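Residue numbers (my numbering), protein chains in the order written: chain A, 1 to 92; chain B, 93 to 598. The beta carbon of each residue, even a glycine, is placed where N, CA and C say it ideally should be. Owing to the predicted nature of the structure, the values given are computational and were not obtained by experimental measurement.
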């Protein structure tokens, strides 16, 4: 079992020092998790530390490719509202 | 080494950036501060109104990580056209930040302060932040170090801050009530967990207050920043001001919320409005009774460079700084130039003080003019000024910001500034199609007069239609003198007896 960082990562470094397994490393275009080292913090923490501090919804996914922080869960912005705002800005 | 291109030649004591003459009541701003605090802030542009005309600062963007989420912040955003906190173009390693700071301090001898303010929270990145401070303190010991934080990790960092000789810390405190805080902070990362809601706000507030007390106990100066969010914490900030003053913060800076949908922040998307300039000023005035208030803040980016009101960051990008050879001899020369400039500025300030204390016939004349008008004191008038180097020196259409003065019988006081290009300049990427003139007029809402060196026919007509009187008759006069001259003209014309009839600008 391991987590994965995907392209919406903004390279903010918040997760890197928290990983108990030193599985997270800087890479281009974004940080990555070494799948062989990641334990999802089992045995070290109650919750995966990278997931707990990551500010970007959808940037960390599990093995089923599901976002650990789904849309709206961190910013409080309802996804429909966000989509509507984007449409409105694009139409200007 | 190519020094010419970063502009080593600077005039002796240039006063760029903020274009105000004295930025209002400097004496007032510094009144009530101990001699020791005055000494500490006299060359810090963010802490002293007087200093911000002469001294420059830079923010080194070494701290990307954050440990909380604020509803006015979006961690994804970076736009070169944008000027607001938390935004940067280039993240730096501590080594790069030190090199950039040394390059800037060599090119701009007014450089007196290096601040670390983000783009995340400096104390959520303690290794990167303190490595930068440590190395810079060795290579340029004359540069003051300061840090701006949300306060969550502050108590555990106070020891380290004191060790690095950091004598200025800014804490952003938006509330002292967790129920208010829960509307501003969706979560904090605390002891290995994302904590949400009122509990999150409670933890943050507790840490902020504890950190404030610990810093004050160590003699470290604390400025408190607050973001004014209408309907959320606006009334509450009066209480915040009282509390932080009682705990020993020496300056309170209430800033307006910046929230636009295109920023992608919670407040921007959800339609939370920003305060009007008048609402901001009213709150600042209300807090002033309790606290030394700051009015000259420009809400700069986390990688800003230069005097307040200007950003020379583009001159010092990594590709320009990296190839520079900053050897010991070069650094020593740069430091000597800074020292000479500081001494010169100090001497000029002394001379100015001496002059201010000498009898001034002009002031007496002004008083006579005030008192002859039937002893009517005259109501306060807000005037916007397109200023340049302390003079009414800017063409209306060229002004990037207008300084707002409140004129009363007591004199002209700087109460704020209105930017005309705060977010972006209407290019395609930012999608801002609003007419520039209409936007400028909207930004000047509440002002009855706008002073400028020249103005075109169209803006003149539109300003008048909006109830703002353009005035180009005081071109190139010192700002405060011009403001007071116009106020006295209005007083003599009997326009200041009744309350202001300012037209609503939609």
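If I follow the unbroken alpha helix (DSSP H) through residue i, where does it start and stop?
i              : result
residue 566(B) : Neither: residue 566(B) is in no alpha helix (DSSP H) and is coded neither H nor E.
residue 84(A)  : 79-90
residue 406(B) : No alpha helix (DSSP H) holds residue 406(B); DSSP gives it neither H nor E.
residue 333(B) : 328-338
residue 79(B)  : The requested residue 79(B) is not part of the displayed model; chain B covers only 93 to 598.
residue 190(B) : 186-199
residue 542(B) : Segment 541-543 is the beta strand (DSSP E) holding residue 542(B); no alpha helix (DSSP H) there.
residue 223(B) : 218-231
residue 414(B) : Here residue 414(B) belongs to no alpha helix (DSSP H), and DSSP marks it neither H nor E.
residue 49(A)  : 49-53
Using a threshold of 7 Å, state whether the C-beta atoms of residue i and residue j are closer than that.
i              : j              : result
residue 413(B) : residue 195(B) : yes
residue 330(B) : residue 370(B) : no
residue 204(B) : residue 236(B) : yes
residue 20(A)  : residue 44(A)  : yes
residue 193(B) : residue 183(B) : no
residue 59(A)  : residue 2(A)   : no
residue 559(B) : residue 544(B) : no
residue 345(B) : residue 384(B) : no
residue 282(B) : residue 295(B) : yes
residue 637(B) : residue 508(B) : What the structure shows of chain B is the stretch from 93 to 598, and residue 637(B) is not part of that stretch, so it cannot be assessed.
residue 266(B) : residue 325(B) : yes
residue 242(B) : residue 264(B) : yes
residue 474(B) : residue 381(B) : no
residue 529(B) : residue 551(B) : yes
residue 157(B) : residue 13(A)  : yes
Can you say whether residue i is buried or exposed, counting buried as having 16 or more other CB atoms within 10 angstroms of its CB?
i              : result
residue 466(B) : Because residue 466(B) sits at a pLDDT of 43, beneath the cut-off of 50, its placement in the model cannot be relied upon, and the following sentence gives the value as read from the coordinates. Answer is exposed; the Cβ neighbour count stays below 16.
residue 94(B)  : Note that residue 94(B) has pLDDT 37, beneath the 50 cutoff, so the model's placement of it is unreliable and no number is given.
residue 48(A)  : buried
residue 453(B) : Note that residue 453(B) scores 44 on pLDDT, short of 50, meaning its location in the model is unreliable and no value can be drawn from it.
residue 398(B) : buried
residue 202(B) : buried
residue 459(B) : With a pLDDT of only 38 at residue 459(B), under 50, the local geometry of the prediction cannot be trusted, and the value read off the model is given with reservation. It counts as exposed.
residue 456(B) : Reliability fails at residue 456(B), whose pLDDT of 36 lies under 50, so the model's placement of it is uncertain and the value that follows must be treated cautiously. Answer is exposed; the Cβ neighbour count stays below 16.
residue 300(B) : buried
residue 25(A)  : exposed
residue 69(A)  : buried
Under DSSP, the beta strand (DSSP E) around residue i begins and ends at which residues?
i              : result
residue 236(B) : 236-241
residue 497(B) : 493-500
residue 262(B) : 260-264
residue 281(B) : 279-282
residue 290(B) : It is not in any beta strand (DSSP E) - residue 290(B) instead sits in the alpha helix (DSSP H) that spans 289-309.
residue 203(B) : 203-208
residue 345(B) : 343-348
residue 133(B) : Residue 133(B) -> not in any beta strand (DSSP E); alpha helix (DSSP H) instead, spanning 127-133.
residue 150(B) : 148-151
residue 375(B) : Premise fails: residue 375(B) lies in the alpha helix (DSSP H), 369-380, not in any beta strand (DSSP E).
Let me know the secondary structure DSSP gives residue i once reduced to three states.
i              : result
residue 475(B) : strand
residue 505(B) : strand
residue 489(B) : helix
residue 585(B) : coil
residue 320(B) : strand
residue 176(A) : With chain A represented from 1 up to 92, any question about residue 176(A) goes unanswered, as that position is not in the structure.
residue 523(B) : Here the model assigns residue 523(B) a pLDDT of 43, short of 50, so the residue's position is not dependable, and the following value carries that caveat. In this structure, residue 523(B) counts as coil in the three-state DSSP scheme.
residue 531(B) : helix
residue 253(B) : helix
residue 24(A)  : strand
Could you name the residues of the region 47-74 of chain A whose beta carbon sits closer than 7 Å to any beta carbon of chain B, in the order they occur along the chain? Within the region 47-74 of chain A, the residues whose Cβ lies closer than 7 Å to some Cβ of chain B are 47, 49, 52, 53, 55, 56, 74, listed in chain order.
At a CB distance below 9 Å, what residues from the region 5-39 of chain A approach chain B? Give them in sequence order. Only 8, 10, 11, 12, 13, 14, 15, 16, 17, 18 from the region 5-39 of chain A bring a Cβ to less than 9 Å from some Cβ of chain B.
For the region 276-299 of chain B, list every residue whose C-beta sits within 8 Å of some C-beta in chain A, in sequence order. When C-beta distances to chain A are compared with 8 Å, the residues of the region 276-299 of chain B below that value are 278, 279, 281, 284, 285, 286, in chain order.
The region 227-238 of chain B: positions lying closer than 7 Å to chain A by Cβ: Flagged: no residues at all.
For the region 74-90 of chain A, which residues have a beta carbon sitting closer than 8 Å to at least one beta carbon of chain B? Those residues of the region 74-90 of chain A placed with their C-beta closer than 8 Å to a C-beta in chain B are 74, 75, 76, 77, 81, 82, 85, 88, 89, 90, ordered along the chain.
With 8 Å as the C-beta to C-beta threshold (strictly closer), list the residues of the region 148-160 of chain B near chain A in chain order. The residues in question are 156, 157, 158, 159.
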